[in-house]
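Remarks on the structure that follows.
In my numbering, the protein residues as written are 5 to 413.
Rendered as structure tokens:
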């Protein structure tokens, strides 16, 4: 079963690597370099303003950052629905398979923890809690706690009593908070020892769960399917992912906005595309996520060039990701039979995207006016957003729509 997991993992990684070239393209890497450089400069300047008197605040912030980071990463079992039938005779041999799954699932969280602990070390230097030995203790403690987290998720696949697993999760959260606080407020070695003791106890509990329990195949497949959907949703921000389905929600409270569209033949596509955006989670969720992320970065930035770069970049990303909405009805024969010209279809998409980008621009403008002390800088950002909105609406979006329609014929 070890070889079987390695084979399945190799196929999974090959599939993921096909998408990596779309995510880490030249434009994204260039933007990432500017973002990392800007954030690094801002972080460096902020460190210089901190003093030992703020040690309590610094420790609490670092503790929260570490705790939230430990929640990242899921157990990658790579189970498929067919496994419920074809791997059922091998259930007793799944121990080695799942052991490999835990080891693989530890790779990404460990890398994130190494980077994050390294980033937070300058904060701890201010309160005289940092050094090479302390760095290793913090790191080993956090990686140990993350491994326990993954072991608990493995135990969940063997437990029919969800309440018992909830109790264990709450216990993990309590012990994790204690380990982090003890390491920051008392001694790092105390938090490390407590985490290692907890690992020994939980390791024995995991072995008992596998030995005496029954693998819940359906539950495992559903969890893995949900994990992959989250991954594909992120990848879908950069490129189309075949087979990715989105949820549709009623959202009756938005009907008043739809009712404002005149129900005439010329407004058929205006109504349909507006309904797709408001009721579907794919495009509306994407806009909300990008708007929130961009807004938060702007809110925590006091530099003009960082706020300007982020606002312009995220407005472009939102417009770029909304263009494929034009193909939402290409599979419907009735939509193609509508006695409505194709020009009205593209006009409807252009108007919808323009309104969405206008709303996002307004949000970014308000954030810049609130966060930037120099109102002239805020006005410069507003002017940049207005120019970009005009270029996207009049040039970029019509060009992209024309290109997509040519490819569809």
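The beta carbon of each residue, even a glycine, is placed where N, CA and C say it ideally should be. Computed from a predicted structure; not experimentally measured.
Among 91, 48, 222, which one has its Cα closest to the Cα of residue 125?
48
Flag this pair as touching only if the stretch 102-114 and the stretch 146-159 have three or more C-beta atom pairs under 8 Å; answer yes or no.
Put simply, the stretch 102-114 touches the stretch 146-159. At least three CB pairs are less than 8 Å apart.
Alpha-carbon spacing of residue 279 relative to residue 261, whole angstroms:
10 Å
Excluding five sequence neighbours on each side, which residues of the same chain lie with their C-beta closer than 7 Å to the C-beta of residue 176?
152, 153, 156
Meets three-Cβ-pair contact criterion under 8 Å: the stretch 291-310 and the stretch 36-51
yes
Label residue 24 either buried or exposed according to how many other C-beta atoms from any shown protein chain fall within 10 Å of its C-beta, with 16 as the threshold for buried.
exposed
Over what stretch of residues does the alpha helix (DSSP H) that includes residue 101 continue unbroken?
98-109
Which residue from 10, 73, 186, 95 puts its Cα closest to that of residue 216?
95
Just to confirm the assignment, what range does the alpha helix (DSSP H) spanning residue 330 have?
Neither: residue 330 is in no alpha helix (DSSP H) and is coded neither H nor E.
Keeping to the same chain, check which residues put their C-beta closer than 7 Å to that of residue 142; ignore five residues upstream and five downstream.
121, 187, 192
Do the CB positions of residue 77 and residue 116 come within less than 9 Å of each other?
yes
Whole angstroms are fine: how far does the CA of residue 73 sit from the CA of residue 202?
19 Å
Residue 330 vs residue 269 beta-carbon contact at 9 Å:
No. Outside cutoff.
For residue 79, which option in 235, 357, 281 has the closest C-alpha, if you only look at C-alpha atoms?
235
At the level of alpha carbons, what is the spacing between residue 334 and residue 354?
17 Å
Could you give the C-beta distance for residue 38 and residue 300, rounded to a whole number, given that I count them as a contact under 8 Å?
Contact flag wrong, Cβ pair sits at about 17 Å.
What residues in its chain sit with their C-beta under 7 Å from that of residue 160, if we drop five residues either side in the sequence?
Here the set comprises 169.
Residue 284 in three-state terms, based on DSSP:
Secondary structure of residue 284 (DSSP, three-state): strand.
How many angstroms separate the CA atom of residue 62 from the CA atom of residue 180?
18 Å
Counting only the same chain and skipping the five closest in sequence on each side, list residues whose C-beta sits under 7 Å from that of residue 256.
none
Could you check the C-alpha separation between residue 322 and residue 305 for me, to the nearest Å?
21 Å
Enclosing alpha helix (DSSP H) for residue 12 [first to last residue]
Residue 12: member of the alpha helix (DSSP H) spanning 6-27, first to last residue.
According to the neighbour-count rule (16 or more other Cβ atoms, all chains shown, within 10 Å of its Cβ), is residue 318 buried or exposed?
buried
Among the residues of its own chain, which have a CB less than 8 Å from the CB of residue 346, if the five just before and after it don't count?
409
Give the single residue among 272, 136, 225, 240 whose Cα lies nearest to the Cα of residue 466.
Not covered by the structure: residue 466. The range shown for the chain is 5 to 413.
Relative to the C-alpha of residue 198, which residue among 81, 184, 325, 106 is closest?
184
Does DSSP classify residue 351 as helix, strand or coil?
helix
Here's the rule I'm using: 16 or more other beta-carbon atoms within 10 Å means buried, otherwise exposed. How should residue 390 be labelled?
It is exposed - the Cβ of residue 390 has fewer than 16 other Cβ atoms within 10 Å.
Leaving out five residues on either side along the sequence, give the residues of the same chain with a beta carbon under 6 Å from the beta carbon of residue 327.
404
Whole-number beta carbon distance between residue 5 and residue 100, since they are thought to touch under 8 Å
5 Å
From 64, 361, 60, pick the residue whose C-alpha is nearest to that of residue 292; which is it?
361
Would you call the CB atoms of residue 382 and residue 373 closer than 9 Å?
Yes.
List the whole-angstrom C-beta distance separating residue 273 from residue 352, where the pair is believed to meet the contact cut-off of C-beta under 8 Å.
4 Å
Buried or exposed (CB count within 10 angstroms, at least 16 for buried), residue 87:
buried
Taking the Cβ atom as the reference point for each residue, do residue 92 and residue 13 lie within a distance shorter than 9 Å?
In this structure, residue 13 does not lie closer than 9 Å to residue 92 by Cβ.
Whole angstroms is fine: what's the gap from residue 140's alpha carbon to residue 165's?
37 Å
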